[in-house]
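Please read the structure below before turning to the comments.
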Amino acid sequence: MSRIELTDISKRYGDRDVITGLDLTIESGSFTVLVGPSGCGKSTTLRMIAGLEAQSGGSITIGGEPMADVPAGRRGVAMVFQNYALYPTMTVGENIEFGLRNIGVPKQDRRDRVAEIAETVGLTDHLRKRPSALSGGERQRVALARAMVKNPAVFLMDEPLSNLDARLRQKMRVELIELHERIGATFVYVTHDQVEAMSMGTDIVLMRDGAIMQQDAPEQLYRAPRNVFAGRFIGTPPLNVVPVSAVTGASAYAPTGAAWVGFRPERIGLLDGESSAPADAIELPASFIALENLGAEQIYRAELRDGSRVALKRFDEPVRELGSTVRVAIPIGELQWFDEREQRIAHAEVSG
Ligand SMILES: Nc1ncnc2c1ncn2[C@@H]1O[C@H](COP(=O)(O)OP(=O)(O)OP(=O)(O)O)[C@@H](O)[C@H]1O
Ligand SMILES: [Mg+2]
């Protein structure tokens, strides 16, 4: 199997520590996504797994084997980059075949293998073309096919879709999910885009400043962010996080030590006319200051009494006027609590 384990990994560039004490387990067969803001160490981590970059400290195993003395070419991993770097003078077929040539696979076997892979990624009709005659998405598939041809147990991908336009990116996302299902290899995928991470990953590793802020299944990351950073990273728009004092009445429900309260924009109710909030919700006045209307959904920015700004997401409702004062209802069960160090306080700790 191809479980990947990083133990106490550190990486220093010059006198700068970019990663310190990183422990990470990537399960065999998972679609693990490393996500986080620019410069947090995603690519560095991936390159250390690939063997393209040496760690300054700590150890890496793949499938239980220590990788200390194993060069990149012998790790059983294939890497797909953002700029897919195809050979322009070779046909698509030759590009895919290339990796098999230099490891001495016989000609007929190479042909069969290329045909099979081309079928898998939908390139059969393009095998005789040159890369310049392909669209961005097709080129990306050639890069994938080239990685697949050696049948690696582990695929390492660094922002492989970021050169594509939004529509194609979405299509390729679905193709990658299907591909992962079909071949059952371990995928390790780097992106700074939380939507990409959430939509593809079975396991998400959220990083900041060379450290892991949370590693979880997407639904868990969404439902129970372990800290304010994770809450504010995931979601469109992300979790609203305001001081407890900004939500009048919230302190009655706050667990000991709560400094911040969070709630999802899509879980807030809007009260009309005379209607009042249900008993299990907190009612708050707010005024709308901006609207993004996406058609099926409307995202409002609203200001609370203390000046805190929050986002609200409504689905397919008549658009409300900006500047109007509205009443919002936040279900108490939706409130998430964080201490002054911005760490989640488990609900079990609620007092009274
Ligand atoms: N070869 C290098 N020499 C010096 N510093 C480097 C080198 N490569 C990366 N760094 C630094 O290490 C940190 C992590 O870089 P890395 O490329 O891993 O970030 P990333 O999470 O992939 O970011 P992005 O989303 O922008 O690609 C950054 O601060 C970067 O400037
Ligand atoms: Mg990077």
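In terms of my numbering, the sequence shown opens at residue 19 and continues consecutively.
The beta carbon of each residue, even a glycine, is placed where N, CA and C say it ideally should be.
(1) From what residue to what residue does the alpha helix (DSSP H) around residue 240 run?
(2) Give every residue of the same chain whose Cβ lies closer than 8 Å to the Cβ of residue 343, excluding the five residues on either side of it in the sequence, and list them in chain order.
(3) Does the stretch 72 to 84 touch the stretch 253 to 262, meaning 3 or more C-beta pairs lie closer than 8 Å?
(4) Taking only heavy atoms of ligand 2 into account, decide whether any of them is closer than 7 Å to the Cβ of residue 125.
(5) Hey, would you say the C-beta of residue 31 is under 7 Å away from at least one heavy atom of ligand 1?
(6) Report yes if the C-beta of residue 61 is less than 7 Å from at least one heavy atom of ligand 1; otherwise report no.
(7) I'd like to know if residue 23 contacts chain C, where contact means its C-beta is closer than 8 Å to some C-beta of that chain.
(8) Where DSSP assigns a beta bridge to residue 233, which residues make up the other side?
(9) Go ahead and pull the three-state DSSP assignment for residue 306.
(10) Beta carbon of residue 74: closer than 7 Å to some heavy atom of ligand 1?
(11) Do you know how far the Cα of residue 138 is from the Cα of residue 132?
(12) In the DSSP assignment, find the beta strand (DSSP E) that holds residue 211 and state where it starts and stops.
(13) Residue 332 bridges to which residues according to DSSP?
(14) Buried or exposed for residue 235, going by 16 or more other Cβ atoms inside 10 Å?
(15) Check whether the Cβ of residue 234 sits closer than 7 Å to any heavy atom of ligand 2, and report yes or no.
On the basis of the coordinates in this document:
(1) 236 to 241 is the extent of the alpha helix (DSSP H) around residue 240.
(2) Around residue 343: 303, 304 and 305.
(3) Cβ pair count under 8 Å is below three, so no.
(4) Distances taken from the Cβ of residue 125 to the heavy atoms of ligand 2 include none shorter than 7 Å.
(5) Annotation for residue 31 indicates a beta carbon within 7 Å of some heavy atom of ligand 1.
(6) Yes, Cβ of residue 61 sits closer than 7 Å to a heavy atom of ligand 1.
(7) The chain inventory of the structure shown lacks chain C, comprising one protein chain alone.
(8) The secondary-structure analysis by DSSP pairs residue 233 across a beta bridge with 223.
(9) Reduced to three states, the DSSP call for residue 306 is strand.
(10) Checking the 7 Å criterion, the Cβ of residue 74 is out of range of every heavy atom belonging to ligand 1.
(11) Cα-Cα distance, rounded: 10 Å.
(12) Looking at the DSSP string, residue 211 is not in any beta strand (DSSP E), and its letter there is neither H nor E.
(13) DSSP lists 316 as partners of residue 332.
(14) Within 10 angstroms of the beta-carbon of residue 235 lie fewer than 16 other beta-carbons, which makes it exposed.
(15) Residue 234: no, Cβ never under 7 Å from ligand 2.
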